[in-house]
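Residues -17 to -1, 1 to 560 (mature numbering (1 follows the signal peptide of the UniProt record, and there is no 0)) are what the sequence shown spells out, left to right. See structure below.
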Amino acid sequence: MALALAGLGGAASVAHAEPTTPDAEASTHAPVVNPKGKHFQVYYRAWRDVTMHGVNTTLPDKNWITMDDVPYGVDVVNVFSYVPPGQEAKAKPFYDKLKAEYAPRLHERGIRLVRGVDYNRVMVDGFRAFMTSKGSSAEEATDADYTAYADKIIEEYVTSVGLDGLDIDMETYPSAADVAISDRVIVALSKKLGPGSDRPNETRLIYDTNNTNLRPVENVAHLFNYIAYQQYGRGTTTTKTVDSSFKEMKNNPGVLPGLTFPEELDHNRWYDTASDYEKSHFAAVARYVRDNDMGGMFVYALDRDGRNYGADIDTIKPSTMIWTKTAIAETQSMTMDTARAAAHHYLDRMAPTKPVDQSIRKAIDSAKNLFDVNKALLGDDWGKGYSNTYDPTLEAGLMKIDIKPLLGQIEKAMKILEGNTTAEKSALAVKEALEVAKKGLAGKLYTADEVKVWQAKLGAALGVVADDDDARNKAKAEEGKKRAEAALAEREKQKAESAAGKQASETKTGCSTTAPSWNVPACSTATSVLGQNTSGKTGENGKSLAHTGVTVFGSSIAAASLFVAGAAIAALRRRRC
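As structure tokens, this is what we get:
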């Protein structure tokens, strides 16, 4: 991985731009989810960033990656770049954004950014040229000269673009004279960078090599955060050998073995990935790091994660970064139970906005290793799974935030809106709060405070609906009560009118349907009596009744009076009943 570094371009501040990576979401409030006790470094090829078009490439394909896509669990990013002469203007937008946006956001995640510099060109030949420019030589250099040169390097490669340190790439076998110079340059750098500086937590100084030549590092090993070893194309036998070699040094800072992905148009064939994860160098090395308490691991060409040496060799394609994400999980000792729980947690929070096929959950539960758990969601490649961006380490961190109450509210709100029985104003409030909660949960990440806000707003909207339901139910009850009372009053009215009608009819006809209790002669009797008075019949002894008409007529009146009185009494009795 020889470096040929050119100008970095300016670092002027630029306005915030939305992430252009598919499904990417920039955040200024990301939770810190980094390896505990383990480093994981990635080499970010800057010429493949979306802001850098047509730099150091002959391929016409558009770039897709941004630094916001760096997986969680990474704690060091090497901003790796080569800008050919004459292409500095095309590279400038990246370096502007690096300082103004990328670096601040990555810093919030606890990530440190370093710049790769070539050992010979910067540590040795660069110092000789620096002294020559002063009319002197390396042999005559003082400590002040080394300090001045170190400050120059830090300003050019670190401070000017908002980075945090250097990665010294050493791939040669320097002479004793060269080592004498590089040792003093490294000592001068270490006063401001790395574990021996006045800012050990904020800065990094890394030694990066592809061989086990100890001479360039043994005198200054304690000044580095760690040694990154490029063991591309090799398995754990190399890992073990290299680790043992550097442990022979006094103050060994620890070794990070590194693997690589296939670079486009590259003639090298490393084959660190494989069709069978269990047979890959990635699985073996990551597990060796985990089981042998090594310092961590690194990967080169992050944007080429998942690519092959066949059809992919001359194309630029988006990546789910499944190999990197799985390696991070392996080195951090993530268990299968945690991996499965994280995957299901992701599906739970996504389900309100994107239905989940049960086959995905079955694949998670039946997975035999971490890679297969991740594959259940990410699929075989970009665009072939449930998600393009699922990150198990991030999700494991998000699991610490309780979202079950909010998910319950979301389910309740969706049912209410489906029922379409809520008042329009209340339904609108529920819909708005629901959409905010769903979108928030389906985002790349969220905080506990945000979840509380979404829960409070959706809960308030649901409370209004509940109050509306109570008021509506109360109104319905009152309406039902009034209808019942009105019906009862109507029945009483009809009953009274019926009784009055019967009384009026009886009064008009003079007839009673019920005879008086004392058996007063009915109307027919009175009529008969009256009829006798007018029939002209004779009474006893054959005497005419004409001369007794008054008497007989008087008796008839008395009988009629008794009849009327009896009818009145009968009517009164009916009223009492």
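Virtual Cβ for every residue (Gly too), placed ideally from N, Cα, C.
Give the range of the beta strand (DSSP E) segment to which residue i is assigned.
{"i": "P240", "result": "238 to 243"}
{"i": "I151", "result": "148 to 153"}
{"i": "D249", "result": "Taken as a continuous stretch (DSSP letters only), D249 belongs to no beta strand (DSSP E), as it is neither H nor E."}
{"i": "T192", "result": "187 to 192"}
{"i": "Y209", "result": "209 to 213"}
Express the C-alpha separation of residue j and residue i in angstroms, rounding to a whole number.
{"i": "W47", "j": "A112", "result": "39 Å"}
{"i": "Y209", "j": "G20", "result": "12 Å"}
{"i": "I151", "j": "A131", "result": "18 Å"}
{"i": "N234", "j": "D58", "result": "22 Å"}
{"i": "I136", "j": "N196", "result": "25 Å"}
{"i": "N202", "j": "P338", "result": "59 Å"}
{"i": "G380", "j": "R332", "result": "14 Å"}
{"i": "F23", "j": "T303", "result": "18 Å"}
{"i": "N194", "j": "R217", "result": "13 Å"}
{"i": "G279", "j": "R187", "result": "15 Å"}
{"i": "Q486", "j": "K465", "result": "32 Å"}
{"i": "Y254", "j": "S263", "result": "8 Å"}
{"i": "T510", "j": "E480", "result": "No answer about T510 holds up, because its pLDDT of 40 lies below 50 and its placement is not dependable."}
{"i": "T39", "j": "G423", "result": "According to the sequence provided, residue 39 is Asn. The question's Thr does not apply to it. Roughly 39 Å between the two C-alpha positions."}
{"i": "K358", "j": "R290", "result": "15 Å"}
{"i": "I347", "j": "V282", "result": "26 Å"}
{"i": "R88", "j": "K82", "result": "10 Å"}
{"i": "Y212", "j": "Y260", "result": "22 Å"}
{"i": "Y26", "j": "L239", "result": "13 Å"}
{"i": "E71", "j": "Y55", "result": "31 Å"}
Could you have a look at residue i and say whether DSSP puts it in helix, strand or coil?
{"i": "Q392", "result": "helix"}
{"i": "A379", "result": "helix"}
{"i": "V62", "result": "strand"}
{"i": "L330", "result": "helix"}
{"i": "D432", "result": "helix"}
{"i": "L360", "result": "helix"}
{"i": "T4", "result": "Confidence is the limiting factor: at T4 the pLDDT is only 34, short of 50, which leaves the residue's position unreliable, though a coordinate-based value still follows. Residue state, collapsed to three classes: coil."}
{"i": "N371", "result": "coil"}
{"i": "D32", "result": "strand"}
{"i": "residue 574", "result": "Since the displayed the chain opens at -17 and closes at 560, residue 574 lies outside it and no answer follows."}
{"i": "I399", "result": "helix"}
{"i": "Y260", "result": "helix"}
{"i": "Q70", "result": "coil"}
{"i": "Y78", "result": "helix"}
{"i": "V25", "result": "strand"}
{"i": "D181", "result": "coil"}
With residue i as the anchor, note down where its alpha helix (DSSP H) starts and where it stops.
{"i": "residue 566", "result": "Given that the chain is displayed from residue -17 to residue 560, the structure contains no residue 566 and the question cannot be resolved."}
{"i": "A133", "result": "126 to 140"}
{"i": "H90", "result": "86 to 91"}
{"i": "R111", "result": "108 to 116"}
{"i": "R344", "result": "341 to 349"}
{"i": "L96", "result": "No alpha helix (DSSP H) holds L96; the beta strand (DSSP E) holding it covers 95 to 101."}
{"i": "T219", "result": "219 to 230"}
{"i": "L417", "result": "407 to 424"}
Is there at least one non-hydrogen atom of the ligand MG closer than 6 Å to the beta-carbon of residue i?
{"i": "K464", "result": "The ligand MG is not among the ligands present in this structure, which contains no ligands whatsoever."}
Exposed or buried, residue i, counting other C-beta atoms within 10 Å across all chains shown (16 or more means buried)?
{"i": "P301", "result": "buried"}
{"i": "K421", "result": "buried"}
{"i": "D226", "result": "buried"}
{"i": "M319", "result": "exposed"}
{"i": "H250", "result": "exposed"}
{"i": "R92", "result": "buried"}
{"i": "S64", "result": "buried"}
{"i": "R474", "result": "exposed"}
{"i": "G206", "result": "It should be pointed out that residue 206 corresponds to Leu in this sequence rather than to Gly. With 16 or more Cβ atoms within 10 Å of its Cβ, L206 is classed as buried."}
{"i": "E378", "result": "buried"}
{"i": "G99", "result": "buried"}
{"i": "N275", "result": "exposed"}
{"i": "T298", "result": "exposed"}
{"i": "K387", "result": "exposed"}
{"i": "G402", "result": "exposed"}
{"i": "K75", "result": "buried"}
{"i": "S258", "result": "exposed"}
{"i": "P43", "result": "exposed"}
{"i": "P147", "result": "In the sequence under discussion, the amino acid at residue 147 is Asp, which differs from the Pro named in the question. The residue in question, D147, is buried, as its Cβ has 16 or more Cβ neighbours within 10 Å."}
{"i": "S119", "result": "exposed"}
{"i": "N371", "result": "buried"}
#### Entry: Completely contained beta strand (DSSP E) runs for the stretch 264 to 317, where each covers 3 or more residues
Complete beta strand (DSSP E) runs here, min 3: 279 to 283.
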